[in-house]
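Asks:
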Amino acid sequence: MGSSLILSLLTDDLLERVLDCLSNDSDRKSFRATCKVFHGVESGHRTRLKFLRPEFIPGLLRNYTRADTLDFSVCPRICDGTISALLNNISCYGWAQRVKSVVLCRTTSLRSPGLEVLVGSCPGLQSVDVSHCYQFGDREAAALSCGAELREVKMDKCLRVTDVGLAKIAIGCDKLEKISLKWCLEITDLGIDLLSKKCLHLKHLSISYLKISNESLRSISNLKELEKLLMVGCGLVDDGGLHFLGNGCPSLQVLDITRCEHVSSSGLISVIRGCKGLQNLNAGYYFLLVYGRPNLKMLDLTCCDDITDVAISAIASSCRKLLCLKLESCSLLTEKSFSYLGSSCHLLEELDLTECHVNDIGLDNLSKCSELRCLKLGICTDISDTGLSYIASHCKIEELDLYRYRVSYITYNGFDLYDAFLKLLFGCRCSNVGDDGLRFLATGCKKMRKLNLSYCTKVTDKGMVYLGLLEELSDLELRSNGNVTDTGLIALASGCRKLSELDIKNCQNIGDAGFWSLAFYSWNLQQINLSYCSVSDVGLCMMMGNLTRLQDAKLVNLAKVSAKGLLQQMVVESDGIKIQSLICWG
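In terms of this note's numbering, the sequence shown opens at residue 9 and continues consecutively.
Here you go:
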């Protein structure tokens with residue numbers, strides 16, 4: 009009676025204010041499941057829809073009338089005909105008028121006619137993401153240029169786009185504020201020059217891995233409002249280009265020049281002196297002067313193997329607002345460095361210590377960084393369950409890496425010899441991390457989303473039961489663990505319903521029963537690597553047939569699977585599954 013009275017006092021307006029404070033998807037889901045009233049309020053308040061199958065789209069558009077962001081990224085069968093059908097569907101009439109953002113990454117069947125119709129029918133469209141659409145070329149770019157109100161365009165790895173397509177967008181979308189052209193390999197200085205001249209309000213620009221020269225940076229330096237510039241792997245750029253940036257770009261706050269191999273300290277100093285508002289500088293191998301940069305929030309010192317405790321002391325005392333620090337392969341650091349960080353960098357959210365000499369005492373010191381969310385400890389062989397208990401007790405870790413090899417793949421006649429050589433070269437890593445460590449993580453890190461336990465050979469089925477308690481876990485790597493069996497995988501699958509990426513390569517004691525559990529519980533799986541596992545034709549067929557959202561599957565050297573069994577997986581698309589990447593090796 010009392011609870012009913014309280015609910016009657018909660019108006020829709022108050023409930024909507026509560027929803028505004030719930031940023032986590034699981035919290036919003038719990039809110040929606042409370043009662044019909046809460047469900048109705050959430051339905052009317054939701055602004056983002058993510059579609060899984062085309063047949064569900066009309067009903068969702070009809071029920072969620074405030075949705076202005078549509079995500080088709082896990083609905084790969086969307087095509088030109090689907091867009092036309094939606095626009096002509098009377099039951100969900102008017103949806104295009106309210107759309108502001110569309111995510112179309114990996115929708116490989118949508119071409120220029122459908123894209124032109126979509127953009128033309130959405131007068132308020134401000135953001136479009138077409139990343140990893142391998143068919144996206146200049147015609148599709150021309151269709152996108154019809155969106156005069158566009159503020160953000162993401163075209164990562166659209167390999168067919170040239171300067172012509174970029175010119176169309178630059179001329180038609182002069183209000184652009186953000187554009188990402190990462191891996192658009194056909195774009196040159198000419199396209200960047202025109203973009204810089206036409207889109208004067210650009211604030212965020214990614215040109216990573218483009219074949220551009222200093223001339224592009226000369227053009228970019230004229231963008232007075234530019235705040236973030238990402239140019240990873242631009243190998244033709246040198247200090248001359250950075251001098252242009254230092255003399256221009258007065259608003260620049262973030263700069264990433266990782267893997268720009270012809271850049272030296274001279275160019276870096278020019279940027280630091282010229283861009284007074286710089287907060288985030290990623291320069292990879294270079295150790296930059298951090299004195300006088302108290303507002304620096306991100307520092308990448310990957311592979312700076314001459315860095316010592318003295319340098320970390322200077323960083324910790326000078327850059328107390330650091331949010332992200334990458335120290336991979338800084339092998340000279342000792343416990344003192346981690347004590348400095350724990351004492352001074354309390355805002356730290358991301359820390360990469362891959363291949364550093366950190367031990368349990370170091371983790372105890374780092375546990376004072378209570379805001380830490382992402383921690384990478386690959387190839388840190390001196391840590392144990394005790395160290396993990398310190399971290400789990402004080403930090404709400406969401407991403408944890410306990411193993412990652414640093415050597416390249418080794419192949420012979422197409423056969424993957426990677427794992428065989430790794431064990432020979434390095435032996436077992438993270439060997440002191442086992443079930444007790446996972447128990448601490450399951451108790452203290454309930455929001456864990458991503459976990460790498462590859463080659464942690466002390467983890468058994470008991471540990472997998474603990475992992476099953478992590479309801480938010482979506483990405484798990486568990487390579488080469490012979491102590492995990494069907495029982496462990498069943499516990500994982502039944503508890504972690506949000507699992508979308510799973511790598512259990514060379515877990516040879518996992519068989520059909522384990523994969524049946526994936527078929528039954530893990531409907532959200534999009535990527536899986538089950539190479540060298542003990543699955544049979546029956547188990548493989550059951551799993552692949554049920555996982556309708558699967559996009560990437562690696563099935564290398566499945567000894568119990570026949571050629572006929574593999575052949576059946578080649579035609580799964582005809583049964584409604586569109587797998588974009590299927591790697592098989594008998």
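The beta-carbon is built from N, C-alpha and C at its ideal position, and this holds for glycine as well.
These numbers were taken from a predicted model, which means no experiment stands behind them.
Quick check on the burial criterion: 16 or more other C-beta atoms within 10 angstroms. Buried or exposed for Glu379?
Replies: For the purposes of this step, residue 379 is taken as the residue at position 371 of the sequence shown. By the neighbour-count rule (16 or more Cβ atoms within 10 Å), Glu379 is not buried but exposed.
Asks: Give a yes or no on contact between the region 266 to 280 and the region 315 to 329, applying the rule of three or more CB pairs nearer than 8 Å.
Replies: Touching, no.
Asks: Looking only at its chain, what residues have a beta carbon closer than 7 Å to the beta carbon of Leu533, apart from the 5 residues adjacent to it on each side?
Replies: Taking the first residue of the sequence shown as 1, we reach residue 533 at position 525. Leu507, Ser508, Leu510, Leu526, Leu555, Arg557 and Leu558.
Asks: Comparing C-alpha positions only, which one of Cys327, Ser325, Asp360 and Cys100 sits nearest to Ser337?
Replies: Position 329 of the sequence shown, counted from the start, is the residue given in the question as residue 337. Ser337 has its Cα closest to that of Asp360, out of Cys327, Ser325, Asp360 and Cys100.
Asks: Looking at Cys141: is its Cβ nearer than 8 Å to the Cβ of Cys166?
Replies: The residue given as residue 141 occupies position 133 in the sequence shown. The residue given as residue 166 occupies position 158 in the sequence shown. Yes, the pair counts as a contact, with Cβ atoms nearer than the cut-off.
Asks: Following the continuous beta strand (DSSP E) through Glu160, name the residue where it begins and the one where it ends.
Replies: Stepping through the sequence shown from its first residue, residue 160 is reached at position 152. First-last of the beta strand (DSSP E) with Glu160: Glu160 to Lys162.
Asks: Could you name the residues of the same chain whose beta carbon sits closer than 7 Å to that of Val467, not counting the 5 residues immediately before and after it, in chain order?
Replies: One-based indexing of the sequence shown puts residue 467 at position 459. If we look at Val467 and ignore the five residues flanking it on each side, its Cβ neighbours are Gly442, Asp443, Leu446, Leu461, Asn489, Asn491 and Val492.
Asks: What's the C-alpha gap between Gly155 and Cys130?
Replies: The sequence position of residue 155 within the sequence shown is 147, counting from 1. The sequence position of residue 130 within the sequence shown is 122, counting from 1. Answer to the nearest angstrom: the Cα atoms are 8 Å apart.
Asks: Considering only residues of the same chain and omitting the five flanking positions on each side of Glu50, which have a CB-CB separation below 8 Å?
Replies: Mapped onto the sequence shown, residue 50 falls at position 42. Cβ within range, chain order: Leu27, Arg36, Phe39 and Arg40.
Asks: State the Cα-Cα distance for the pair Asn514 and Tyr463, rounded to the nearest angstrom.
Replies: Position 506 of the sequence shown holds residue 514. Position 455 of the sequence shown holds residue 463. Taking the straight line joining both Cα atoms gives about 10 Å.
Asks: If you measure between the beta carbons of Cys257 and Leu218, is that distance less than 8 Å?
Replies: For the purposes of this step, residue 257 is taken as residue 249 along the sequence shown, with counting starting at 1. For the purposes of this step, residue 218 is taken as residue 210 along the sequence shown, with counting starting at 1. No, the Cβ-Cβ distance between Cys257 and Leu218 is not below 8 Å.
Asks: Can you list, in chain order, the residues of its chain whose CB lies under 7 Å from that of Gly180, leaving out five sequence neighbours each side?
Replies: For this step, residue 180 is matched to residue 172 along the sequence shown. Once the five neighbours on either side are set aside, the close Cβ partners of Gly180 are Ser153, Cys154 and Ala156.
Asks: Determine the DSSP secondary structure at Lys431, reduced to helix, strand or coil.
Replies: In the sequence shown, residue 431 corresponds to position 423, counting from 1. Its pLDDT being 47, under 50, Lys431 is placed unreliably in this model, and the value from its coordinates should be taken loosely. Looking at Lys431 - three-state DSSP - the assignment turns out to be helix.
Asks: May I ask you to report which of helix, strand or coil DSSP gives Arg186?
Replies: For this step, residue 186 is matched to residue 178 along the sequence shown. Position check: residue 186 holds Lys in this sequence, whereas Arg was assumed. Of the three classes helix, strand and coil, the one that applies to Lys186 here is strand, per DSSP.
Asks: Would you mind sorting Phe448 into buried or exposed? The rule is 16 or more other CB atoms within 10 Å of its CB.
Replies: Within the sequence shown, numbered from 1, the residue matching residue 448 stands at position 440. With 16 or more other Cβ atoms within 10 Å, it is buried.
Asks: Work out the CA separation of Lys205 and Gly173 for me, nearest whole Å.
Replies: Taking the sequence shown and counting its residues from 1, the one referred to as residue 173 is at position 165. Taking the sequence shown and counting its residues from 1, the one referred to as residue 205 is at position 197. If you take the alpha carbons of Gly173 and Lys205, they lie about 16 Å apart.
Asks: Is Leu123 near Glu148, with beta carbons less than 8 Å apart?
Replies: Translated into positions along the sequence shown, residue 123 becomes position 115. Translated into positions along the sequence shown, residue 148 becomes position 140. Contact flag set, yes.
Asks: In three-state terms, what does DSSP make of Gly422?
Replies: As a first step, residue 422 is located in the sequence shown; it is residue number 414 there, counting from the start. Bear in mind that a pLDDT of 41 at Gly422, under 50, signals an unreliable position, so the model cannot answer this.
Asks: Who pairs with Gly145 in a beta bridge, going by DSSP?
Replies: Counting from 1 along the sequence shown, the entry for residue 145 is found at position 137. DSSP lists Arg168 as partners of Gly145.
Asks: Just to confirm, is the Cβ distance from Thr394 to Asp368 under 8 Å?
Replies: Reading the sequence shown from its first residue, position 386 is the one you call residue 394. Reading the sequence shown from its first residue, position 360 is the one you call residue 368. Taking 8 Å as the Cβ cut-off, Thr394 and Asp368 qualify as a contacting pair.
Asks: Based on Cα-Cα distance, which residue from Thr495, Val138 and Arg505 lies nearest to Ile518?
Replies: Along the sequence shown, one-based indexing puts residue 518 at 510. Of Thr495, Val138 and Arg505, the residue nearest in Cα terms is Thr495.
Asks: Would you call the CB atoms of Asp79 and Lys108 closer than 8 Å?
Replies: Here residue 79 refers to the residue found at position 71 of the sequence shown. Here residue 108 refers to the residue found at position 100 of the sequence shown. No, Cβ-Cβ distance for Asp79 and Lys108 is not below 8 Å.
Asks: Are Gly350 and Cys377 touching if we call contact CB-CB under 8 Å?
Replies: Locating residue 350 in the sequence shown gives position 342, counting from the first residue. Locating residue 377 in the sequence shown gives position 369, counting from the first residue. Yes, Cβ-Cβ distance for Gly350 and Cys377 is below 8 Å.
Asks: Could you tell me if Ile387 is buried or exposed, where buried requires 16 or more neighbouring beta carbons within 10 angstroms of its beta carbon?
Replies: Mapped onto the sequence shown, residue 387 falls at position 379. Buried: at least 16 other Cβ atoms inside 10 Å.
Asks: Using the Cβ count rule (16 or more neighbours within 10 Å means buried), how would you classify Ala175?
Replies: Walking along the sequence shown from the start, residue 175 turns up at place 167. The residue is buried, with at least 16 neighbouring Cβ atoms inside 10 Å.
Asks: For Pro631, count neighbouring C-beta atoms within 10 Å of its own C-beta (all shown protein chains included) and say buried if the count is 16 or more, exposed if not.
Replies: What the structure shows of the chain is the stretch from 9 to 594, and residue 631 is not part of that stretch, so it cannot be assessed.
Asks: Which first and last residues belong to the beta strand (DSSP E) in which Lys58 is found?
Replies: The residue given as residue 58 occupies position 50 in the sequence shown. Run containing Lys58: Arg56 to Lys58, per the beta strand (DSSP E) assignment.
Asks: Could you name the residues of the same chain whose beta carbon sits closer than 7 Å to that of Ala7, not counting the 5 residues immediately before and after it, in chain order?
Replies: Lying before the first or after the last residue shown, residue 7 is absent from the chain, which here runs from 9 to 594.
Asks: Flag this pair as yes or no: are the beta carbons of Ile200 and Ile220 separated by less than 8 Å?
Replies: The residue you call residue 200 lines up with position 192 of the sequence shown. The residue you call residue 220 lines up with position 212 of the sequence shown. Yes, they are a contact pair.
Asks: Mind checking whether Pro66 and Cys83 have CB atoms under 8 Å apart?
Replies: As a position in the sequence shown, residue 66 is number 58, starting the count at 1. As a position in the sequence shown, residue 83 is number 75, starting the count at 1. Taking 8 Å as the Cβ cut-off, Pro66 and Cys83 do not qualify as a contacting pair.
Asks: Count the other C-beta atoms from every protein chain shown that fall within 10 angstroms of the C-beta of His251, then say buried if there are 16 or more, exposed otherwise.
Replies: For the purposes of this step, residue 251 is taken as the residue at position 243 of the sequence shown. The residue is buried, with at least 16 neighbouring Cβ atoms inside 10 Å.
Asks: For the putative contact between Glu485 and Met456, defined by C-beta atoms under 8 Å, what is the C-beta separation to the nearest angstrom?
Replies: Translated into positions along the sequence shown, residue 485 becomes position 477. Translated into positions along the sequence shown, residue 456 becomes position 448. About 13 Å separates the two Cβ atoms, so there is no contact after all.
Asks: Can you tell me which of the three DSSP states Ser214 falls into?
Replies: For the purposes of this step, residue 214 is identified with residue 206 of the sequence shown, where counting begins at 1. The answer is strand: DSSP assigns Ser214 an E or B state.
Asks: Tell me whether Asp137 is buried or exposed, calling it buried when 16 or more other Cβ atoms sit within 10 Å of its Cβ.
Replies: Working through the sequence shown from its first residue, we reach residue 137 at position 129. The residue is buried, with at least 16 neighbouring Cβ atoms inside 10 Å.
Asks: Is Ala501 buried or exposed, if buried means 16 or more other CB atoms sit within 10 Å of its CB?
Replies: Indexing the sequence shown from 1 puts residue 501 at position 493. That one is buried.
Asks: Counting only runs of 3+ residues fully inside the region 456 to 487, write out the beta strand (DSSP E) ranges in chain order.
Replies: Runs found: 458 to 460 and 483 to 485.
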